[in-house]
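Numbering (my numbering), first residue to last: 48 to 361. Every residue, glycine too, gets a C-beta built ideally from N, C-alpha and C.
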Ligand SMILES: NC(=O)c1ccc[n+]([C@@H]2O[C@H](COP(=O)([O-])OP(=O)(O)OC[C@H]3O[C@@H](n4cnc5c(N)ncnc54)[C@H](O)[C@@H]3O)[C@@H](O)[C@H]2O)c1
């Protein structure tokens with residue numbers, strides 16, 4: 048299969064590229080090296096597969112419709128895995144227009160090219176943030192009247208809605224995967240696990256929001272990548288929203304203690320109130336992923352986090 052990966056130089060994108068190349072696919076990767084974090088980190092992310100003969104890379108911005116058209120004209124794309132986005136909840140409140148442009152307008156550019164060139168399948172990276180502070184214990188995909196807490200979350204929900212529209216109106220089959228806090232080797236530098244690890248190691252101040260009782264359903268990137276690959280092959284129904292999580296929420300204070308234990312150093316903790324755009328908890332119900340994608344998260348949190356610390360300087 049010829050698979051187009053948007054955001055191929057990012058944390059999750061680089062894992063998915065590697066996995067698809069190992070499975071013998073042709074991968075067309077695009078990324079604009081968005082300055083949210085350092086270009087050199089993204090170039091390093093692609094180091095292991097950039098010269099693979101089945102991989103082609105183009106530095107393209109998904110909001111540049113002419114360059115996108117050129118990509119779709121040049122490659123006979125079978126499936127799009129759409130991961131390119133401006134990520135980061137807090138940053139989205141500072142630069143809302145940039146988030147709207149990339150995450151919504153950029154997604155429409157991808158969909159328009161798919162429509163024009165007859166590409167019939169998209170796998171989209173949505174997010175647990177679309178659930179907001181919903182009151183359900185576990186988050187199921189059929190929950191309605193969700194209230195997003197940040198511009199980032201709202202752009203993901205809006206992108207899901209456009210994808211559903213293009214499915215209904217233009218027959219583009221789609222799976223919107225709602226990822227729950229992804230971690231593992233090459234994790235984005237702005238995400239808590241990477242940031243805390245650096246701060247504990249260097250004896251820097253670590254800011255803990257709230258009393259440490261907020262929790263996240265941390266999911267290893269290896270499991271997320273497996274879920275993405277299964278979604279590429281899934282063909283039973285034309286449109287689905289599916290959670291990819293681990294059904295194992297971890298409290299923030301327990302995450303910090305685990306990191307302290309593995310690093311062998313106490314954290315220098317300062318507390319601050321929980322920002323308004325932060326969810327208090329996430330907890331994925333993954334029964335739908337199990338049923339439709341045979342998705343079984345394999346990496347237990349304690350194993351994944353200790354491997355993360357082991358790999359940290361790689
Ligand atoms: N990491 C998580 O915990 C998590 C959770 C939920 C959803 N997601 C989603 O998964 C996807 C991948 O996340 P990630 O953590 O790997 O982030 P990342 O920032 O590492 O990767 C995103 C990539 O997209 C690229 N990009 C940004 N704007 C672009 C544009 N206009 N044109 C082309 N490329 C562009 C960036 O340069 C980057 O390499 C994103 O859509 C993110 O919103 C991530």
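- Residues of the same chain with a CB within less than 8 angstroms of the CB of residue 152, apart from the 5 flanking positions on each side, are 110 in chain order.
- Checking the 6 angstroms criterion, the Cβ of residue 290 is out of range of every heavy atom belonging to ligand 1.
- Taking a cut-off of 8 angstroms for Cβ pairs, the segment 276 to 296 and the segment 215 to 231 touch, as three or more such pairs fall below it.
- A residue is called buried once 16 or more other Cβ atoms fall within 10 Å of its Cβ, and residue 192, having fewer, is exposed.
- For the pair residue 103 and residue 330, the Cα-to-Cα distance works out to about 37 angstroms.
- In the three-state scheme derived from DSSP, where H, G and I count as helix and E and B as strand, residue 93 is classed as coil.
- In the DSSP assignment, residue 245 falls within the alpha helix (DSSP H) that extends over 239 to 249.
- Secondary structure note for residue 294: it is in no alpha helix (DSSP H), with a DSSP letter that is neither H nor E.
- Take the alpha-carbon of residue 201 and the one of residue 195: they are about 6 angstroms apart.
- Bounds of any beta strand (DSSP E) do not take in residue 345, whose DSSP letter is neither H nor E.
- For the pair of segments examined, the segment 267 to 285 was found to touch the segment 231 to 243: the number of CB pairs separated by less than 8 angstroms reaches three.
- If you compare the alpha carbons of 235, 164, 63 and 337 with that of residue 86, the shortest gap goes to 235.
- Contact between residue 127 and residue 51 holds, with the beta-carbon distance rounding to 5 angstroms and staying under 8 angstroms.
- Residue 145 sits in a helix when the DSSP states are folded into three classes.
- Look at residue 162 here: in three-state DSSP terms it is helix.
- Annotated three-state conformation of residue 107 is coil, per DSSP.
- Between the segment 166 to 174 and the segment 308 to 318 there are fewer than three C-beta pairs closer than 8 angstroms, too few to call the two in contact.
- For residue 225, the enclosing beta strand (DSSP E) stretches over residues 220 to 226.
- Here DSSP, grouped into helix, strand and coil, assigns residue 192 to coil.
- The C-beta separation of residue 155 from residue 209 comes to about 6 angstroms, placing the pair in contact by the 8 angstroms criterion.
- Residue burial annotation: residue 266 is buried, with at least 16 other C-beta atoms found within 10 angstroms of its C-beta.
- Not one heavy atom of ligand 1 sits closer than 6 angstroms to the Cβ of residue 154.
- Note on residue 207: 16 or more other CB atoms within 10 angstroms of its CB, so buried under the neighbour-count rule.
- A straight-line Cα-Cα distance of about 5 angstroms links residue 125 and residue 49.
- For residue 241, the Cβ stays outside the 6 angstroms cut-off from all heavy atoms of ligand 1.
- Annotated as distal: residue 214 and residue 280, with beta-carbon spacing of 7 angstroms or more.
- Contact between residue 306 and residue 243 holds: their C-beta atoms lie close to 5 angstroms from each other, under 8 angstroms.
- The residue from 353, 263, 259 and 350 with its alpha-carbon nearest to that of residue 321 is 259.
- If the five residues before and after residue 184 are omitted, its C-beta is found closer than 8 angstroms to the C-beta atoms of 330, all from its own chain and listed in chain order.
- The continuous alpha helix (DSSP H) containing residue 208 extends over residues 198 to 217.
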